[in-house]
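Notes follow once the structure below has been shown.
Shown next, in the form of C-alpha cells:
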C-alpha cells in the first residue's frame, strides 16, 4: 500500500468512526442549501470583501517573480487583487462559504481580472470541536496561506518572496475534504487539519517558459497550529503526485512532491517577530518530450532526472509605533543540485535552481479605519549563477532593487 493510500484509508476511517452518517448528512446539506424554505429560515447571507493594489518599480528590465513580472517600468497591475466573500449559516451545524476573486497577475495574461471562485465549500459541524469541509479549499500550507490574498491582514507590502513566490508556491487550492480538530490545552489552542483531494493549477513552466497546467489526482496534507496570546506556531506538510502539461504539449510527471513548512509569530509589547522555513523536495522528475508540438523537443524523447530540492526562509522584526509599524526582513532561498555526466539533464536541473538572498525594509501605516498603506524597499542578490527569482538571467550584473507602495482595504 502506498503512502497516499495509507493516508487516504486512515483519513476516511477516522471520519467513519466519528460519525457514520456524516458524509450522508453533507450530501443532504448540499440539496438543502438550494431549498428556498431552508434559505428563508437560515441566517442572512453575509457579504464582505477585500481589495489590495500596489505600485511597483525595479531597476531591471528583466522580469522579477513569475506571473508578477516586475520590471523597471512602473507596474500598476500585478499587485491588484479583489475578493468578494459570501457566507451563510443554514442551521446550527451547517454553513457554506465562497470567495470570488479577480487578480491582475495571472500566468495566462488573457485571464487577468477575470473573476472566479477560488474558495467554495460546505462546512459541517460534526462535533463541537470537529468540522468537516467539502469543496474547493485553501490548504494551510504556510503561515499565512489562508489569507495570503488579503493584504490588510498581514504586515508586509509583499509576503517574503523566498517562501511565497517560488516555483513551488503554486499549490494553493485543493478540491477535496478537510477535517478540523480543535482542543484547548491550558492557555493554548491546538488546531489540527488533515485534508485529501486533488488540484488543478495554472503556472509558468520552468523548462519551456510557457503557460502550463498542473494536475494531481492524489494530494494529501496535514497542518498543526498552536496559539495563545502573542504566540502562533504553525507546521505543515503536503504530498502530491502531479503531472505538469507544458504549453508545447510536453509532460513532466512529479510523483513524489513533498512540501514541509514551519513558521512562528510572536508579539510582546510593541514588538513583533515572524520567522518561517519551507522545504520542497520533488524527487525524480519524469520528462516526456514525445508529446511536444515542437520537433526539436520531440527528439529529446523521455528523460528522468532529480529535481533540485528547494529551501526558503525569512525572519522579520517589527515594532508598532502609533499608526506606523516599521519592519526589517532578511530572507534567502537555496537549492541543491546533483550533477550528472549528462549535460542535457544538468541543463534541465538548472531551470529549477532559484537561489538568492534579500533584505527588505518597510512600514505599515494605518491611514484610516478602512485603509492601510504599506511602503517597502526590497534588495536581492542572486547566488551561485542561478536566476534567483528572475524569470531568466538578468541583463545587467547588479542587485535587484524593488520599490513598492501598496493600498489595502476591507469592506
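Residue numbers (this note's numbering): 6 to 416.
For glycine and all other residues, C-beta sits at the position ideal for the given N, C-alpha and C.
For clarity, every value in this text was computed on a predicted model and none was experimentally measured.
Alpha-carbon to alpha-carbon, residue j and residue i
| i | j | result |
| --- | --- | --- |
| residue 236 | residue 262 | 30 angstroms |
| residue 33 | residue 85 | With a pLDDT of only 40 at residue 33, under the threshold of 50, the placement of this residue in the model should not be trusted; the figure read from the coordinates follows. Residue 33 and residue 85: Cα-Cα distance of roughly 38 angstroms. |
| residue 192 | residue 231 | 10 angstroms |
| residue 20 | residue 195 | In this prediction, residue 20 has a pLDDT of 47, which is less than 50 and means its spatial position is unreliable; nothing more can be read from the coordinates. |
| residue 223 | residue 329 | 45 angstroms |
| residue 206 | residue 107 | 15 angstroms |
| residue 387 | residue 67 | 13 angstroms |
| residue 332 | residue 377 | 15 angstroms |
| residue 310 | residue 176 | 22 angstroms |
| residue 61 | residue 156 | 15 angstroms |
| residue 391 | residue 52 | 45 angstroms |
| residue 125 | residue 202 | 14 angstroms |
| residue 320 | residue 303 | 45 angstroms |
| residue 382 | residue 298 | 43 angstroms |
| residue 369 | residue 217 | 36 angstroms |
| residue 123 | residue 357 | 27 angstroms |
| residue 255 | residue 351 | 18 angstroms |
| residue 396 | residue 292 | 21 angstroms |
Assigned secondary structure, residue i (DSSP; H/G/I helix, E/B strand, else coil)
| i | result |
| --- | --- |
| residue 205 | strand |
| residue 27 | Caution applies to residue 27, whose pLDDT of 40 falls short of 50 and renders its modelled position unreliable; the value that the coordinates give is listed next. Here residue 27 sits in helix by DSSP. |
| residue 351 | helix |
| residue 179 | strand |
| residue 189 | strand |
| residue 149 | coil |
| residue 309 | strand |
| residue 232 | strand |
| residue 99 | strand |
| residue 115 | helix |
| residue 251 | coil |
| residue 48 | coil |
| residue 261 | strand |
| residue 345 | coil |
| residue 303 | helix |
| residue 390 | coil |
| residue 409 | strand |
| residue 157 | helix |
| residue 57 | strand |
| residue 381 | strand |
| residue 139 | strand |
| residue 169 | helix |
| residue 67 | coil |
| residue 361 | strand |
| residue 274 | coil |
| residue 298 | coil |
Counted within 10 angstroms of its Cβ, other Cβ atoms place residue i as buried (16 or more) or exposed
| i | result |
| --- | --- |
| residue 285 | buried |
| residue 71 | buried |
| residue 294 | buried |
| residue 398 | exposed |
| residue 132 | exposed |
| residue 324 | exposed |
| residue 372 | exposed |
| residue 120 | exposed |
| residue 39 | Its pLDDT being 44, under 50, residue 39 is placed unreliably in this model, and the coordinates cannot settle the point. |
| residue 374 | exposed |
| residue 349 | exposed |
| residue 49 | exposed |
Among the options, nearest to residue i - alpha-carbon criterion
| i | options | result |
| --- | --- | --- |
| residue 171 | 290, 56, 264, 324 | 264 |
| residue 248 | 255, 268, 220, 275 | 220 |
| residue 95 | 409, 295, 197, 127 | 127 |
| residue 239 | 246, 225, 331, 266 | 266 |
| residue 322 | 270, 288, 352 | 270 |
| residue 189 | 135, 242, 155, 217 | 135 |
| residue 118 | 87, 312, 97, 142 | 87 |
| residue 179 | 167, 142, 160 | 142 |
| residue 301 | 345, 187, 253, 403 | 253 |
* Would the region 318 to 338 and the region 354 to 362 be scored as touching if the rule is three or more Cβ pairs under 8 angstroms? -> yes
* Counting pairs of beta carbons, one from the region 139 to 151 and one from the region 266 to 283, are three or more of them closer than 8 angstroms? -> yes
* Touching by the beta-carbon criterion (3+ pairs, under 8 angstroms), the region 74 to 83 and the region 103 to 122 -> yes
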